[in-house]
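Written below as structure tokens is the structure these notes are about.
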Amino acid sequence: LGIVYRDVGEYEKSVSLLKKSLSLFEKHSPENYIERVRALKYLGNTYRSLGRYDEAKSLLTQSVFVSKKYLPENHIALGRSLVHLAVIYKKTGDYKKAKELLMQSLAIHENVFGKNSVRTAWVVTHLASVHQEIGEYERARDSITGCLETYIKSYGHDKLRTSWVFIQLAYVYEGLQDFGKAQEILETALKVHTKHFDAHHQKIGEILFQLGNVCKGLGQYKKANDFLERSLHIYERHYGKDHIETAKIL
Numbered sequence: 008l009g010i011v012y013r014d015v016g017e018y019e020k021s022v023s024l025l026k027k028s029l030s031l032f033e034k035h036s037p038e039n040y041i042e043r044v045r046a047l048k049y050l051g052n053t054y055r056s057l058g059r060y061d062e063a064k065s066l067l068t069q070s071v072f073v074s075k076k077y078l079p080e081n082h083i084a085l086g087r088s089l090v091h092l093a094v095i096y097k098k099t100g101d102y103k104k105a106k107e108l109l110m111q112s113l114a115i116h117e118n119v120f121g122k123n124s125v126r127t128a129w130v131v132t133h134l135a136s137v138h139q140e141i142g143e144y145e146r147a148r149d150s151i152t153g154c155l156e157t158y159i160k161s162y163g164h165d166k167l168r169t170s171w172v173f174i175q176l177a178y179v180y181e182g183l184q185d186f187g188k189a190q191e192i193l194e195t196a197l198k199v200h201t202k203h204f205d206a207h208h209q210k211i212g213e214i215l216f217q218l219g220n221v222c223k224g225l226g227q228y229k230k231a232n233d234f235l236e237r238s239l240h241i242y243e244r245h246y247g248k249d250h251i252e253t254a255k256i257l
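In our numbering, each residue carries its 1-based index in the sequence shown increased by 7.
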């Protein structure tokens, strides 16, 4: 239930339910390590969505610790927790640590699912996003393009999960200054997301922010201003006016 509330954008309600779930598992079923790891991971990811990165990092670090200490070696739960912790390190600019964690996760996913699995492609896409952040755009593009084929084959072209990979590819094209290609991808992603989320959802705000930057690169300043104003409204509503994520739009 907490995950459902998070997915529809009711993050505070999600936090309340997930904290209660974690507390109950720790009280009544302390040796159910799989569920504890899962609860820690979901709560950590919800704090990440709220921009509360220190709290997210603490919970996801606990998730990794419990996985390593109590679950079988290289359990897939550890592989997933490593990815989510890596996302926090990437968000806070520690790309070296993010890459290190993702490489550990990739080894686990390849061992469990094989190199061609969509679950492995999920890790590779996250790894490619780190390469994009450090300016290795061609490497990131090639990796994400391969992952995109796997996602389309597994989920279809216009599904949310596939749209996430398209958005990562748009970031790469923006870095390569191919703003037209990035704009095309993002406009399609926005249509997919608006089918699933209301106009004020955080994920819509992220796409609008990215579209604003791309339109600015294309010299489409009126469109850029419109997208960024809409994104700013969503970010102020979601994160607050004094949050670092809001400051990125300003």
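Glycine is no exception: its CB is placed at the ideal position from the N, C-alpha and C atoms.
Inset, instruction - Just tell me which of Val11, Glu145, Gly182 and Leu193 has its CA closest to the CA of His52. - result: At residue 52 the sequence reads Asn, which differs from the His that was named. Per the Cα distances, Val11.
Legend entry - Distance, Leu235 Cα to Leu215 Cα: 6 Å
Inset, instruction - Determine the DSSP secondary structure at Leu4, reduced to helix, strand or coil. - result: Look at the range of the chain in this structure, 8 to 257, and you will see that residue 4 is not part of it.
Inset, instruction - Would you check if there are 3 or more beta carbon pairs closer than 8 Å linking the stretch 141–153 to the stretch 166–180? - result: yes
Legend entry - Proximity of Leu92 and Leu67 at Cβ, strictly below 7 Å: yes
Legend entry - Which of helix, strand or coil DSSP assigns to Gln217: helix
Inset, instruction - Following the continuous alpha helix (DSSP H) through Ile174, name the residue where it begins and the one where it ends. - result: Leu167 to Gly182
Legend entry - For Glu107 and Asp101, the rounded distance between their alpha carbons: 10 Å
Inset, instruction - Alpha carbon to alpha carbon, how far is Ile41 from Ala196? Give it in angstroms, no decimals. - result: 34 Å
Inset, instruction - Using only alpha-carbon positions, find the residue among Leu183, Arg168, Lys122 and Arg87 that is nearest to Glu143. - result: Leu183
Inset, instruction - Tell me, to the nearest whole angstrom, how far the beta carbon of Arg43 is from that of Val90; I am working on the premise that it is less than 8 Å. - result: About 18 Å; that fails the 8 Å criterion.
Legend entry - Runs of alpha helix (DSSP H) lying entirely within the stretch 90–132, each at least 4 residues, in chain order: 102–120
Legend entry - Backbone CA spacing between Leu239 and Asn118 [nearest angstrom]: 42 Å
Inset, instruction - Would you check if the distance between the CB atom of Val131 and the CB atom of Ser161 is smaller than 7 Å? - result: no
Inset, instruction - Can you grab the Cα-Cα spacing for the pair Ser56 / Glu194, in whole Å? - result: 22 Å
Legend entry - Between the CA atoms of Lys34 and Phe204 - distance to the nearest angstrom: 35 Å
Legend entry - Beta-carbon proximity of Val137 to Ala189, cut-off 7 Å: no
Inset, instruction - Buried or exposed for Ser36, please, with buried defined as at least 16 other CB atoms from any protein chain shown within 10 angstroms of its CB. - result: exposed
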